[in-house]
Ligand SMILES: Cc1cc2nc3c(=O)[nH]c(=O)nc-3n(C[C@H](O)[C@H](O)[C@H](O)COP(=O)(O)OP(=O)(O)OC[C@H]3O[C@@H](n4cnc5c(N)ncnc54)[C@H](O)[C@@H]3O)c2cc1C
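Numbering (the numbering used here), first residue to last: 1 to 425.
In structure tokens:
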């Protein structure tokens with residue numbers, strides 16, 4: 001069965017059948033089971049099948065074609081034998097797939113992913129193809145209004161701003177795999193990095209939205225608590241959810257937030273405690289005066305108060321009025337971390353106007369400052385994903401480093417770890 005599951009994982013092929021009325025005709029009921037698995041189907045005795053099961057179902061289906069009008073007694077005998085064979089094979093298969101032969105009903109393993117940023121979405125997309133999971137067995141929770149986390153964009157009446165990730169540095173194959181039809185090359189932003197720069201259209205966050213398609217991604221939900229409940233994990237939320245018990249839980253949130261959550265379950269972790277983040281102040285600015293055609297971005301040097309400036313309207317695939325995104329340096333952000341947002345916006349706009357050679361009275365018609373308290377990891381843990389306790393995992397950009405490629409890798413590593421644990425269960 002393990003081999004069958006692995007094969008099914010490779011091909012992304014799965015067969016799910018309802019016990020009871022649905023399976024008497026020997027058909028596979030992937031669609032119905034998928035719906036039921038998310039709710040009452042688990043109590044109704046939904047069982048999953050791997051390759052072996054589908055083959056059996058197909059054999060029985062073929063046998064049953066002749067069942068409609070049996071002409072001889074031998075036909076009945078053959079059908080009865082086929083039914084018996086199917087029942088035996090299916091029950092043996094069920095037992096191998098269930099939590100044990102004595103298990104009264106098989107439940108699909110349920111995974112909660114806390115955080116729908118790049119890492120969480122990467123894990124979810126990988127596991128959605130796993131035969132023991134599938135998209136219906138996954139549930140992502142994010143406190144943000146949209147998926148994406150630091151892969152963030154803000155829509156305003158003056159056009160959109162990418163106030164988090166500016167560009168994804170990915171090799172061409174990776175950009176094809178992960179692009180979801182939204183990525184386009186941004187050669188002007190290529191740096192000394194070996195990988196080319198990619199930008200999502202029409203905003204960076206649209207990439208996260210594309211990734212979340214087909215997934216059960218619940219936004220504006222904060223996970224506030226975690227507790228062991230038998231062999232499962234019980235989550236607490238800031239608003240009522242129909243799901244609270246999960247077989248597996250993956251945390252993809254910044255380590256200080258993860259530690260606070262783990263604390264509610266009495267769990268400590270030295271590796272997570274050792275991670276330090278640099279903060280970042282980012283300002284979105286639409287000036288009141290026209291801006292001349294310029295470069296679409298500037299990168300500051302080590303001692304500059306501004307680390308990155310981008311003309312949003314001139315980036316590939318962007319339209320709308322002239323507007324800028326200003327990212328302060330780590331040092332400036334640390335120094336001004338607790339200052340009011342209005343004051344930070346005014347200061348950074350004044351510095352940016354000077355850098356761009358704009359008149360001092362280039363007052364904003366739109367200005368907003370966003371503080372990323374956990375923007376960039378200083379020193380990553382060095383392990384792509386790991387298990388904190390049985391069925392409880394951690395992965396994020398804190399593992400390998402703060403960029404899109406490393407967050408994707410951490411997510412894929414978490415999926416491999418969780419998938420392997422399920423296969424070996
Ligand atoms: C300003 C800025 C610019 C950047 N620019 C680039 C760039 O140009 N290129 C690049 O490669 N990288 C860049 N990065 C780094 C990149 O954004 C990160 O490495 C990556 O997005 C991390 O993804 P993640 O999924 O690990 O974490 P996150 O994106 O932080 O995702 C974690 C998610 O968890 C959610 N969450 C937290 N706590 C809870 C809770 N209790 N309950 C529910 N949900 C919760 C959050 O809302 C968030 O959505 C930038 C980062 C910043 C801040």
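For every residue, glycine included, the Cβ atom is placed at its ideal position computed from N, Cα and C.
- Residue state for residue 308 is assigned as strand, using DSSP reduced to three classes.
- Relative to ligand 1, residue 163 has its C-beta within less than 8 Å of a heavy atom.
- The C-beta distance from residue 401 to residue 380 rounds to 5 Å, short enough to meet the 8 Å contact threshold.
- Across the set 108, 122, 197, the C-alpha of 122 shows the shortest separation from the C-alpha of residue 252.
- Where residue 229 is concerned, the enclosing beta strand (DSSP E) starts and stops at 223-229.
- Secondary structure at residue 219: coil, using DSSP grouped into helix, strand and coil.
- In this structure, DSSP gives residue 177 a helical state, which the three-state scheme calls helix.
- By the C-beta criterion, the stretch 364-380 is judged not to be in contact with the stretch 261-271, since fewer than 3 inter-stretch pairs fall below 8 Å.
- A residue is called buried when at least 16 other Cβ atoms come within 10 angstroms of its Cβ; residue 342 does not meet this threshold and is exposed.
- For residue 376, the shortest C-beta to heavy atom distance toward ligand 1 is below 8 Å.
- With a cutoff of 8 Å, residue 160 does not count as near ligand 1, since its C-beta is closer than that to no heavy atom of the ligand.
- Counting only runs of 3 or more residues that sit fully inside the stretch 298-356, the beta strand (DSSP E) segments are 306-311, 324-328, in chain order.
- CA-to-CA, the gap between residue 193 and residue 408 works out to about 18 Å.
- At the C-beta level, residue 326 and residue 255 stay beyond 9 Å of one another.
- Between residue 355 and residue 306, the C-beta spacing is below 9 Å.
- Short note on residue 386: C-beta not closer than 8 Å to any heavy atom of ligand 1.
- Here the alpha carbon of residue 292 sits roughly 9 Å from the alpha carbon of residue 322.
- In this structure, the beta-carbon distance from residue 137 to residue 108 falls below 9 Å.
- Cβ contact annotation for residue 422 (same chain, cutoff 6 Å, sequence separation greater than five): 109, 132, in chain order.
- In the three-state DSSP reduction, residue 198 falls in the strand class (E or B).
- Here the C-alpha atom of residue 146 lies approximately 15 Å from the C-alpha atom of residue 165.
- A distance criterion of 8 Å places the beta-carbon of residue 147 in contact range of ligand 1, judged by its closest non-hydrogen atom.
- Shortest Cα-Cα distance from residue 294 to any of 300, 285, 312, 213 involves 312.
- Cβ-Cβ distances below 8 Å link residue 320 to 158, 159, 160, 312, 313 in the same chain, with the five nearest sequence neighbours on each side left out; the list follows chain order.
- In the three-state scheme derived from DSSP, where H, G and I count as helix and E and B as strand, residue 172 is classed as helix.
- About 5 Å separates the beta carbon of residue 216 from that of residue 139, a gap short enough to meet the 8 Å contact definition.
- When DSSP reads this structure, residue 232 sits in a beta bridge with 229.
- For the 9 Å CB-CB criterion, residue 369 and residue 348 form a contact.
- Between ligand 1 and the CB of residue 143, the shortest heavy atom gap is smaller than 8 Å.
- Relative to the non-hydrogen atoms of ligand 1, the Cβ of residue 404 comes within a distance shorter than 8 Å of at least one.
- Going by DSSP, residue 160 is part of the beta strand (DSSP E) stretching over 159-161.
- With respect to residue 250, residue 241 sits apart: the two C-beta atoms are not nearer than 9 Å.
- Using a 10 angstroms sphere on the CB of residue 424, the tally of other CB atoms stays under 16, which defines it as exposed.
- A distance criterion of 8 Å places the beta-carbon of residue 261 in contact range of ligand 1, judged by its closest non-hydrogen atom.
- A Cβ-Cβ separation of about 6 Å places residue 317 in contact with residue 184 under the 8 Å criterion.
- Assigned with DSSP and collapsed to three states, residue 136 falls in helix.
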